[in-house]
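In this note's numbering, the protein residues as written are 818 to 953.
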């Protein structure tokens, strides 16, 4: 049976999303902090909190994509500026950002390799454990 959340539970979730601090959210919603932590044990409360956080995240990502697009357009326009210093600063910023992107991509690739290796090691540990159990 799926449990419906109470208005207070929904209120504290929205306050937490808005404020980002448990203590302040509880104060605004008029509940004790201990109540919030008790509610966190309820799967429906967890699910609603997660859903609200994901919505905020998606909205933020969407806004950032739009702003990034506008910033890139501005940089493109400034590359054609008559002012040599402006062109130089924009070019430098673009190069620096490109270097950071390549570095992050490289680190991400290395991290994925490490994670894959750790997974393989964990699988080997499990196989050894099973083999040891069969020997006993």
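Don't be surprised by glycine CBs; every beta carbon is placed ideally from N, CA and C. In this text, all values refer to a predicted model and were calculated from it rather than measured experimentally.
Near residue i, what residues of its chain come up, given a Cβ to Cβ distance below 7 Å and the 5 sequence neighbours on each side ignored?
i, result
"residue 849", "843"
"residue 853", "829, 839 and 843"
Ordered along the chain, which non-local residues of its own chain (more than five positions away) have a Cβ less than 8 Å from that of residue i?
i, result
"residue 931", "none"
"residue 910", "892"
Answer yes or no: do residue i and residue j have a C-beta to C-beta separation smaller than 7 Å?
i, j, result
"residue 845", "residue 855", "no"
"residue 869", "residue 912", "no"
"residue 907", "residue 895", "yes"
"residue 826", "residue 862", "yes"
"residue 878", "residue 834", "no"
Between which two residues does the alpha helix (DSSP H) carrying residue i extend?
i, result
"residue 923", "901–952"
"residue 848", "Unbroken run through residue 848: none, as it is neither H nor E."
"residue 877", "860–895"
Measure from the alpha carbon of residue i to the alpha carbon of each residue in the options, then state which is nearest.
i, options, result
"residue 821", "835, 864, 837 and 847", "864"
"residue 847", "867, 824, 926 and 866", "824"
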